[in-house]
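These notes concern the structure reproduced below.
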Amino acid sequence: MTAILSNLQAIRRAIAQAAQAAQRDPASIMLLAVSKTFPPAAVREAHAAGQHAFGENYVQEALDKISALRDLDLEWHFIGPIQSNKTRVIAENFAWVHGVDRLKIAQRLSEQRPHELPPLNICLQVNVSGEESKSGIAPSDAAELAREVSILPRLKLRGLMAIPAPEDDVPAQRRPFAQLRELAQTITAQGITLDTLSMGMSHDFAAAIQEGATIIRVGTAIFGKRDYIK
Ligand SMILES: *Cc1c(COP(=O)(O)O)cnc(C)c1O
Numbered sequence: 039m040t041a042i043l044s045n046l047q048a049i050r051r052a053i054a055q056a057a058q059a060a061q062r063d064p065a066s067i068m069l070l071a072v073s074k075t076f077p078p079a080a081v082r083e084a085h086a087a088g089q090h091a092f093g094e095n096y097v098q099e100a101l102d103k104i105s106a107l108r109d110l111d112l113e114w115h116f117i118g119p120i121q122s123n124k125t126r127v128i129a130e131n132f133a134w135v136h137g138v139d140r141l142k143i144a145q146r147l148s149e150q151r152p153h154e155l156p157p158l159n160i161c162l163q164v165n166v167s168g169e170e171s172k173s174g175i176a177p178s179d180a181a182e183l184a185r186e187v188s189i190l191p192r193l194k195l196r197g198l199m200a201i202p203a204p205e206d207d208v209p210a211q212r213r214p215f216a217q218l219r220e221l222a223q224t225i226t227a228q229g230i231t232l233d234t235l236s237m238g239m240s241h242d243f244a245a246a247i248q249e250g251a252t253i254i255r256v257g258t259a260i261f262g263k264r265d266y267i268k
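Be aware that the sequence shown starts at 39, since it is given in the numbering used here, and climbs by one per residue.
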């Protein structure tokens, strides 16, 4: 058995376990395989093991991979930081974008989404407490951005995304995830329906599932350690 296959099987078991502990249906949790820095062959292997959705952070690397894998039926998610001069290729090549934190980027994605494709699924990135990165909108501004994005014609606003700072103990992991869930509930109560919480990575996806994650983004636990020096 290959490492990717056995890793995927172990993660599926862990998802089922975490879902059961949270009294949730495991089918309500999508596993997004984060394939950044790994070659098309690794994606092929994961696909052969039943994996359908893949996440990428770097536009050029993603485009090369998408084109090398055209023969497979895959769903591509862009999860990296978005530069405004890259919105067109993102709008043309991905099914989901997780890191939207500015109206201007959302407007460009909507204008540039090709009409023969379904609306682009969007998650707004929120900078929840304890987050180290500079990206992500402040929680207090998220409802307004959600309202503005929800009316853009070629986008489908799905939910919120966060990348909390890594924590070792589970209660500390759960705190920012709970904050994101509560924020999504607040926004939904204002009449903007959100059905997605994109949260949890290799080291904390079980805590994210406890707090309601519907998409977990897992790289290392599937493909192994990344080597950034290429
Ligand atoms: C790289 C990355 C992941 C995957 O992280 P792992 O710790 O390898 O599972 C998830 N989400 C985002 C936004 C990433 O950049």
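Where a beta carbon is used, it is the ideal one built from N, C-alpha and C, also for glycine. Here the structure is a predicted model, which is why all the values come from computation and not from measurement.
Would you mind giving the Cβ-Cβ distance between P214 and R192, rounded to the nearest angstrom? I have them listed as a contact below 8 Å. As a position in the sequence shown, residue 214 is number 176, starting the count at 1. As a position in the sequence shown, residue 192 is number 154, starting the count at 1. Taking 8 Å as the upper bound for CB-CB distance, P214 and R192 are not in contact here, some 31 Å apart.
If the criterion is Cβ atoms closer than 8 Å, does the pair M237 and A222 meet it? Within the sequence shown, residue 237 is the residue found at index 199, counting from 1. Within the sequence shown, residue 222 is the residue found at index 184, counting from 1. Result no, Cβ atoms of M237 and A222 do not sit closer than 8 Å.
Using 8 Å for Cβ pairs, my map puts V187 next to P177. What's the rounded Cβ distance? Within the sequence shown, residue 187 is the residue found at index 149, counting from 1. Within the sequence shown, residue 177 is the residue found at index 139, counting from 1. Going by Cβ atoms, the distance from V187 to P177 rounds to 16 Å, so no, they are not a contact pair.
Residue nearest to T75 in terms of C-alpha spacing, selected from G229, K194 and V97: Locating residue 75 in the sequence shown gives position 37, where the first residue counts as 1. Closest option to T75, Cα to Cα, is V97.
Please report the straight-line C-alpha distance between D63 and A54, rounded to a whole angstrom. As a position in the sequence shown, residue 63 is number 25, starting the count at 1. As a position in the sequence shown, residue 54 is number 16, starting the count at 1. Computed Cα separation, rounded: 8 Å.
So what does DSSP say about H115, is it helix, strand or coil? For the purposes of this step, residue 115 is taken as the residue at position 77 of the sequence shown. Strand at H115.
Residues bridged to R51 by DSSP? Here residue 51 refers to the residue found at position 13 of the sequence shown. Note: R51 sits in no beta bridge, so no partner.
L107 versus V138, R82 and F116, residue with shortest Cα-Cα distance: For the purposes of this step, residue 107 is taken as the residue at position 69 of the sequence shown. Looking at the Cα atoms, R82 is the closest of the given residues.
Buried/exposed call for K103, threshold 16 Cβ in 10 Å: To locate residue 103, count along the sequence shown from 1; it is residue 65. Buried, by the Cβ-count rule.
What are the start and end residues of each continuous alpha helix (DSSP H) run of 4 or more residues lying completely inside the segment 237-267, in chain order? 243-248 and 258-261
M255 and V72 closer than 8 Å at C-beta: Position 217 of the sequence shown holds residue 255. Position 34 of the sequence shown holds residue 72. In the sequence as presented, Met is not what sits at residue 255; that position holds Arg. A contact, by the Cβ cut-off of 8 Å.
Please report how far the alpha carbon of T226 lies from the alpha carbon of T40, in whole angstroms. Against the sequence shown, residue 226 aligns to sequence position 188. Against the sequence shown, residue 40 aligns to sequence position 2. Each residue's alpha carbon lies about 42 Å from the other.
What number of angstroms, rounded off, separates the C-alpha of A65 from the C-alpha of S44? Locating residue 65 in the sequence shown gives position 27, counting from the first residue. Locating residue 44 in the sequence shown gives position 6, counting from the first residue. The alpha-carbon atoms of A65 and S44 are separated by roughly 20 Å.
Who are the near neighbours of L112 in its chain, counting only those whose CB is closer than 7 Å to its CB and skipping five residues on each side? Position 74 of the sequence shown, counting from 1, holds the residue named residue 112. Counting only residues of its own chain and dropping the five nearest sequence neighbours on each side, L112 has a CB closer than 7 Å to the CB of H85, H90 and F92.
Taking only the alpha-carbon atoms, compute the straight-line gap between G118 and G137 and give it to the nearest angstrom. One-based indexing of the sequence shown puts residue 118 at position 80. One-based indexing of the sequence shown puts residue 137 at position 99. Rounded to the nearest angstrom, the two C-alpha atoms are 6 Å apart.
Proximity test, S240 beta-carbon vs ligand 1 heavy atom, cut-off 7 Å: Along the sequence shown, read from residue 1 onward, the residue named residue 240 stands at position 202. At least one heavy atom of ligand 1 is nearer than 7 Å to the Cβ of S240, so yes.
Exposure of Q61, with buried meaning 16 or more beta-carbon neighbours within 10 Å: Within the sequence shown, the letter at position 23 stands for residue 61. By the neighbour-count rule (16 or more Cβ atoms within 10 Å), Q61 is not buried but exposed.
Who are the Cβ neighbours of R146 in its own chain at under 7 Å, not counting the five residues just before and after it? Taking the first residue of the sequence shown as 1, we reach residue 146 at position 108. Once the five neighbours on either side are set aside, the close Cβ partners of R146 are S122 and T125.
Do you know how far the Cα of K142 is from the Cα of R185? Taking the sequence shown and counting its residues from 1, one reaches residue 185 at position 147. Taking the sequence shown and counting its residues from 1, one reaches residue 142 at position 104. Going from the Cα of R185 to the Cα of K142 covers about 14 Å.
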